[in-house]
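Notes for the one structure printed next.
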Amino acid sequence: MRDDTTKSAAGLGYGPHTLAIPGPSIVPDRVLRAMHRPSPNIYHGELVDLTHSLIPDLKRVARTEHNATIYIGNGHATWEACLANTHARGDLVLIPRTGTFADGWGEMARGLGLRVEYLDFGNRDAMDAAAIGARLREDKAHEIRSVLAVHVDTSSSVRSDIAAIRSEMDAAGHPALLQADCMASMGCDVFEMDEWGVDVAIAGCQKGLMTPAGMGFVFYNDKAARARARADCVTGYWDWVPRTEPEIYFRYFYGTGPTHHLYGLREALDMLVHEEGVEQAWERHGRLARALWAAFERWEAPGGLELNVRDRAARSHAVTSVRLPERGTALREWSEQEFGLTLGIGLGMAPLGSEEWHGFFRVGHMGHLSGHSMMGTLGGIDAALKALAIPHGDGGLEAATRALVAD
Ligand SMILES: *Cc1c(COP(=O)(O)O)cnc(C)c1O
Numbered sequence: 002m003r004d005d006t007t008k009s010a011a012g013l014g015y016g017p018h019t020l021a022i023p024g025p026s027i028v029p030d031r032v033l034r035a036m037h038r039p040s041p042n043i044y045h046g047e048l049v050d051l052t053h054s055l056i057p058d059l060k061r062v063a064r065t066e067h068n069a070t071i072y073i074g075n076g077h078a079t080w081e082a083c084l085a086n087t088h089a090r091g092d093l094v095l096i097p098r099t100g101t102f103a104d105g106w107g108e109m110a111r112g113l114g115l116r117v118e119y120l121d122f123g124n125r126d127a128m129d130a131a132a133i134g135a136r137l138r139e140d141k142a143h144e145i146r147s148v149l150a151v152h153v154d155t156s157s158s159v160r161s162d163i164a165a166i167r168s169e170m171d172a173a174g175h176p177a178l179l180q181a182d183c184m185a186s187m188g189c190d191v192f193e194m195d196e197w198g199v200d201v202a203i204a205g206c207q208k209g210l211m212t213p214a215g216m217g218f219v220f221y222n223d224k225a226a227r228a229r230a231r232a233d234c235v236t237g238y239w240d241w242v243p244r245t246e247p248e249i250y251f252r253y254f255y256g257t258g259p260t261h262h263l264y265g266l267r268e269a270l271d272m273l274v275h276e277e278g279v280e281q282a283w284e285r286h287g288r289l290a291r292a293l294w295a296a297f298e299r300w301e302a303p304g305g306l307e308l309n310v311r312d313r314a315a316r317s318h319a320v321t322s323v324r325l326p327e328r329g330t331a332l333r334e335w336s337e338q339e340f341g342l343t344l345g346i347g348l349g350m351a352p353l354g355s356e357e358w359h360g361f362f363r364v365g366h367m368g369h370l371s372g373h374s375m376m377g378t379l380g381g382i383d384a385a386l387k388a389l390a391i392p393h394g395d396g397g398l399e400a401a402t403r404a405l406v407a408d
């Protein structure tokens with residue numbers, strides 16, 4: 002059901018436009034300016050030094066002392082990269098599922114000739130680490146070679162406890178690799194690759210890392226490096242070995258580097274790692290998310306909005322999935338056209354384009370985001386609720402402001 006009876010807000014869609022979708026995120030002007038330059042020499046000099054400097058900073062974001070590689074590609078490229086470097090055809094991988102991104106990773110695995118088994122936890126709750134442990138204990142022959150866990154599933158906005166999965170794997174004495182998809186969460190939700198015992202972590206540059214889409218990152222430890230020895234579906238381009246310790250610069254990327262993106266990423270990492278600090282960025286995202294939840298918890302009403310994830314502990318600090326039966330699309334369209342605010346479409350909750358699909362939307366709140374940006378986004382949603390006469394409770398914006406300034 003589409004609602005075409007939107008009340009105009011008298012042309013308030015002019016002026017600056019805000020993109021509040023869960024990737025790509027807002028690119029800071031500083032990052033854009035850093036990219037605005039002539040092409041550099043790719044053989045020696047500034048670009049080469051700059052590229053070397055990115056690796057330790059990327060590791061700081063992933064919280065690992067092990068290896069970091071950069072691929073010219075998106076998140077899907079890193080799905081393929083991590084699997085190709087750690088598996089042989091016919092390997093079994095276990096995928097705990099909390100949303101549609103688990104399906105995407107599994108499809109990539111199948112395409113590489115792996116066998117995929119899902120443990121489905123639905124679209125609204127975190128993974129049950131104990132259930133993963135129970136499945137691993139059954140696997141006496143250690144057929145399962147990896148557990149592929151999406152840290153934050155961007156479709157459902159469910160965040161799972163990756164450290165708890167590691168504990169269960171250890172308690173089960175199971176040797177599988179733990180691989181974590183941190184595409185949505187890195188730089189936003191707390192993630193500790195080494196401390197949590199994650200063997201492989203993957204991320205993209207266009208979400209918490211505030212850089213235009215086009216680079217993917219694969220982090221891996223020594224155990225994952227050993228798995229590389231039996232990998233039989235990895236080809237030259239995807240091989241992480243030369244990318245990790247390139248004997249010559251172009252091996253970083255197996256060809257020409259993503260020149261301008263590297264300058265952009267340098268600037269973004271200066272902001273995230275050296276100016277704000279990763280831990281402070283986690284804090285900021287936590288507080289902004291709590292403000293958003295506070296508003297929505299007030300707005301929730303029968304026949305109106307409902308946050309997809311009920312348990313606060315299982316909610317991402319980077320993205321929020323919202324249920325609004327029948328009117329999700331109408332709210333998005335109104336906020337975009339009348340208020341200059343673009344919200345994310347629903348993903349994976351109902352078949353794309355179906356009647357039911359119109360009953361969802363998502364808010365991206367990852368990366369370059371201040372208290373002011375969050376209040377602007379919430380203000381746009383509040384205005385849409387009122388303009389479209391969608392039933393909602395009072396005091397949402399007030400509750401958000403209080404959450405932002407709370408001790
Ligand atoms: C965005 C995202 C991906 C896919 O990234 P693309 O760059 O769109 O290929 C994979 N997993 C998660 C959790 C994501 O948020």
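With this note's numbering as the guide, the letters of the sequence shown map in order to residues 2 to 408.
Idealized CB from N, CA, C, for every residue including glycine.
ask   = With DSSP run on the structure shown, which of helix, strand or coil describes Met376?
value = helix
request  = Let me know if Asp182 comes out buried or exposed under the rule of 16 or more other beta-carbons within 10 Å of its beta-carbon.
outcome  = buried
inquiry  = Looking at Phe97: is its Cβ nearer than 8 Å to the Cβ of Ala150?
reply    = Sequence check: residue 97 is Pro here, not Phe. Cβ atoms of Pro97 and Ala150: closer than 8 Å.
Local Cβ density within 10 Å of Asp68, reported as buried at 16 or more and exposed below that = Here residue 68 is Asn; the residue named in the question, Asp, does not match the sequence. Asn68 is buried by the Cβ-count criterion.
task = Would you kindly work out how many angstroms separate the C-alpha atoms of Arg38 and Thr260, rounded to a whole number?
result = 10 Å
request  = With a threshold of 7 Å, establish whether the CB of Ala214 neighbours any heavy atom of ligand 1.
outcome  = Checking every heavy atom of ligand 1 against the Cβ of Ala214, one is found closer than 7 Å.
request  = Answer yes or no: do Pro23 and Ala319 have a C-beta to C-beta separation smaller than 8 Å?
outcome  = yes
message = Using the three-state DSSP reduction, which class does Ser233 fall into: helix, strand or coil?
response = The question names Ser, but residue 233 is Asp in the sequence shown. The answer is coil: DSSP assigns Asp233 none of H, G, I, E or B.
inquiry  = Between which two residues does the alpha helix (DSSP H) holding Val32 run?
reply    = Asp30 to Met36
query = Cβ of Arg125 within 8 Å of Cβ of Arg311?
reply = yes
message = Check this for me: beta carbons of Met128 and Ser156, under 8 Å apart or not?
response = no
Distance between beta carbons of Leu389 and Trp300, contact taken as under 8 Å = The pair is not a contact, with the Cβ atoms about 13 Å apart (cut-off 8 Å).
inquiry  = Going by DSSP in three states, Ser147 sits in which element: helix, strand or coil?
reply    = strand
key: Beta-carbon gap between Leu84 and Leu115 smaller than 8 Å   = yes
task = Would you list the one or two residues that DSSP bridges to Ser322?
result = Arg363.
Cα-Cα separation between Arg227 and Phe220, rounded to whole angstroms = When rounded, the separation of the alpha-carbon atoms in Arg227 and Phe220 is 14 Å.
key: Cβ-based neighbour list, Gly365, same chain, cut-off 7 Å, excluding 5 preceding and 5 following   = Ala21, Ile22, Pro23, Gly24, Ser26, Val320 and Gly345
query = So does Thr99 have its beta carbon nearer than 7 Å to some heavy atom of ligand 1?
reply = no
query = DSSP on Arg64, reduced to helix/strand/coil?
reply = Judged by DSSP in its simplified three-state form, Arg64 adopts coil rather than helix or strand.
query = Among residues of its own chain, excluding the 5 on either side of Asp104, which ones have a beta-carbon nearer than 6 Å to its beta-carbon?
reply = none
request  = Hey, could you find the ends of the alpha helix (DSSP H) Thr260 is sitting in?
outcome  = Secondary structure note for Thr260: its alpha helix (DSSP H) is the uninterrupted segment Thr260 to Leu270.
Candidates Gly76, Phe361, Ile133 and Val274: closest to Trp106 by CA position = When only C-alpha atoms are compared, the closest one is Gly76.
key: Given 8 Å, three or more beta-carbon pairs between the segment 364–382 and the segment 281–297   = Flag = yes, the segment 364–382 and the segment 281–297 touch.
ask   = Expressed to the nearest angstrom, what Euclidean distance is found between the alpha-carbon atoms of His393 and Glu399?
value = 14 Å
ask   = Within the present structure, is the beta-carbon of Asp126 separated from the nearest heavy atom of ligand 1 by less than 7 Å?
value = no
Proximal residues to Leu178 (C-beta, below 8 Å), its chain only, five neighbours per side dropped = Residues Thr87, Arg146, Ser147, Val148, Asp200, Val201, Lys224, Ala225 and Ala228 of the same chain have their beta carbon placed closer than 8 Å to that of Leu178, with the five preceding and five following residues left out of the count.
ask   = What residues in its chain sit with their C-beta under 6 Å from that of Pro247, if we drop five residues either side in the sequence?
value = Contacts found: Tyr253.
request  = Compute the beta-carbon to beta-carbon distance between Asp154 and Phe102, rounded to the nearest angstrom, for a pair I have assumed lies under 8 Å.
outcome  = 5 Å
query = In chain order, which continuous runs of the alpha helix (DSSP H) of length 4 or greater are located wholly inside the segment 121–174?
reply = 130–139 and 163–172
inquiry  = Helix, strand or coil for Asp50? Go by DSSP, reduced to three states.
reply    = helix
ask   = At what residue ranges does the segment 175–244 contain a whole run of the alpha helix (DSSP H), taking only runs of 4 or more?
value = If you keep only unbroken alpha helix (DSSP H) runs of at least 4 residues inside the segment 175–244, you get 223–228.
ask   = Where does Gly345 sit, in a helix, a strand or coil, going by DSSP?
value = strand
message = Could you check if Asn86 belongs to the surroundings of ligand 1, using beta carbon to heavy atom distance under 7 Å?
response = Taken from the Cβ of Asn86, every heavy atom of ligand 1 lies 7 Å or farther away.
query = Taking the continuous beta strand (DSSP E) assigned at Ala89, which residues delimit it?
reply = From DSSP, Ala89 is part of no beta strand (DSSP E); its letter is neither H nor E.
DSSP three-state assignment for Asp4, whether helix, strand or coil = Low local confidence applies: a pLDDT of 43 at Asp4 is under 50, so the model's placement there is unreliable, and no value is given.
ask   = For the candidate residues Val32, Arg31 and Thr52, whose alpha-carbon lies nearest to that of Pro1?
value = Absent from the model: residue 1. The displayed extent of the chain is 2 to 408, so no value can be given.
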